[in-house]
Amino acid sequence: MAKTHDILCIGSVLWDVIGRSPNHMWLGVDVPGRIERLPGGVAMNIAMTLARFGMRPALLSAVGRDAEGEDLVRACEAFGLETAYLYRSDDFPTDRYVAVEGANGLIAAIADAHSLEQAGAKILSPLEDGRLGSAQTPYRGLVALDGNLTLEILEEIAVSPLLSKADLRVAPASPGKAERLRPFLTHSRAVLYVNREEAGLLCQKDFATACAAAEGLLARGAARTLVTDGANPVAEGHNGGIIELPPPQVTVTRLTGAGDTFMAAHIAEEARGERGLVALEAALKAAADYVSRETAR
258 MAKTHDILCI GSVLWDVIGR SPNHMWLGVD VPGRIERLPG GVAMNIAMTL
308 ARFGMRPALL SAVGRDAEGE DLVRACEAFG LETAYLYRSD DFPTDRYVAV
358 EGANGLIAAI ADAHSLEQAG AKILSPLEDG RLGSAQTPYR GLVALDGNLT
408 LEILEEIAVS PLLSKADLRV APASPGKAER LRPFLTHSRA VLYVNREEAG
458 LLCQKDFATA CAAAEGLLAR GAARTLVTDG ANPVAEGHNG GIIELPPPQV
508 TVTRLTGAGD TFMAAHIAEE ARGERGLVAL EAALKAAADY VSRETAR
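Note that the numbering used here has the sequence shown beginning at 258, numbered continuously upward.
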């Protein structure tokens, strides 16, 4: 059977509902702006960016059989994503994420990933029933994994034979879920993509720069990590040392999905054989292009 994908994206696939205003905002303010509903979730954002870079992502996630779920699956397929391995259930509604952004940044966000969390290990079934692999023939290849899964499932994945041969690229869903990635902090096959705040939560220490955060993660046992810090220099660390690079200076019009875009672009560059500063520069440019666009896609 012909292979339908070249990377697995495991985690949240949901609808983003994002309200954006060009004005500064504070508690209780009522301002004009725009509201969009678009496909989102960390795994979905990564997959869409990978597809734009010419890769063929397959999704492992939970999507309801409700009207929103049917719309979402059609949207995934329109982006060229493989949806055959999604866990579909009548028991769970399709997950959603709601955020409000102003000129002064992200004001507030709520991630409703309860269906993904309740589905749990069921989303991994294709990795053990022969469709994508089994315990005896583990999946080999690139995997992008996000922290919207429960800590229990992430702990299971970290030691499971199902992904013991995979090239794992791991990211938290948000700073609030960063500590769920602890099982991968000393994982020999995991690359951690985090921001400076998330690195601090993983190390239980405040870092002044992305470089310091990368050093802290390596000291705690990380095999390799990439740490972003907004408009400040990004750092990539591994046992060969640390490299830094400043991002392009752009006018920021959107924030949600920027980290996912950076991660996906970096993975795509490395899949093409690029490494080091070349891959890092391409990923930063992709993220800068994303945050400076007026429209989402």
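Note that the Cβ used here is the ideal one computed from N, Cα and C, for glycine as well.
Among the options, which residue has its Cα nearest to the Cα of residue i?
| i | options | result |
| --- | --- | --- |
| arginine 309 | Val288, Arg322 and Ala335 | Ala335 |
| leucine 556 | Ser549, Leu316 and Ile524 | Nothing can be reported for residue 556: it is not among the residues displayed for the chain, which extend from 258 to 554. |
| aspartate 403 | Glu413, Val427, Ser417 and Ala415 | Val427 |
| leucine 502 | Ala467, Ala365, Asn496 and Tyr344 | Ala467 |
| arginine 277 | Leu265, Arg294 and Gly433 | Arg294 |
Over what stretch of residues does the beta strand (DSSP E) that includes residue i continue unbroken?
| i | result |
| --- | --- |
| lysine 542 | Segment 533-548 is the alpha helix (DSSP H) holding lysine 542; no beta strand (DSSP E) there. |
| serine 346 | 344-346 |
| isoleucine 264 | 264-267 |
| lysine 398 | For clarity, residue 398 is glycine in the given sequence; the question names lysine instead. Run containing glycine 398: 397-403, per the beta strand (DSSP E) assignment. |
If I measure Cβ to Cβ from residue i and keep anything under 7 Å in the same chain, skipping five residues before and after, which residues do I get?
| i | result |
| --- | --- |
| serine 421 | Pro395 |
| alanine 528 | Met312 and Leu399 |
| glycine 473 | Ala456, Cys460, Lys462 and Phe464 |
| aspartate 323 | Pro350 and Thr351 |
Does the distance from the CB of residue i to the CB of residue j come in under 7 Å?
| i | j | result |
| --- | --- | --- |
| alanine 545 | valine 507 | yes |
| arginine 453 | alanine 470 | yes |
| alanine 368 | threonine 513 | no |
| histidine 444 | alanine 401 | no |
| serine 318 | isoleucine 380 | yes |
| alanine 332 | proline 296 | yes |
| alanine 447 | leucine 425 | yes |
Taking 6 Å as the line, does the beta carbon of residue i fall inside it for any heavy atom of the ligand HEM?
| i | result |
| --- | --- |
| leucine 419 | What this structure holds is no ligand at all, so the ligand HEM is not there to describe. |
Would you mind giving the Cβ-Cβ distance between residue i and residue j, rounded to the nearest angstrom? I have them listed as a contact below 8 Å.
| i | j | result |
| --- | --- | --- |
| leucine 449 | valine 491 | Going by Cβ atoms, the distance from leucine 449 to valine 491 rounds to 13 Å, so no, they are not a contact pair. |
| alanine 430 | serine 549 | Actually they are not in contact, since the Cβ atoms of alanine 430 and serine 549 sit about 24 Å apart, beyond 8 Å. |
Note down, in chain order, each residue of its chain lying with its Cβ closer than 6 Å to the Cβ of residue i, except the 5 sequence neighbours on either side.
| i | result |
| --- | --- |
| leucine 483 | Tyr450 and Glu493 |
| aspartate 517 | Val299, Asn302 and Ile303 |
| glycine 390 | Leu384 and Tyr396 |
Excluding the five sequence neighbours on either side, which residues of its own chain have a C-beta within less than 8 Å of the C-beta of residue i, listed in chain order?
| i | result |
| --- | --- |
| valine 535 | Glu526 |
| histidine 262 | Arg313, Pro314, Ala315 and Glu339 |
Mind checking which residues open and close the alpha helix (DSSP H) that includes residue i?
| i | result |
| --- | --- |
| aspartate 517 | 515-528 |
| isoleucine 414 | 408-416 |
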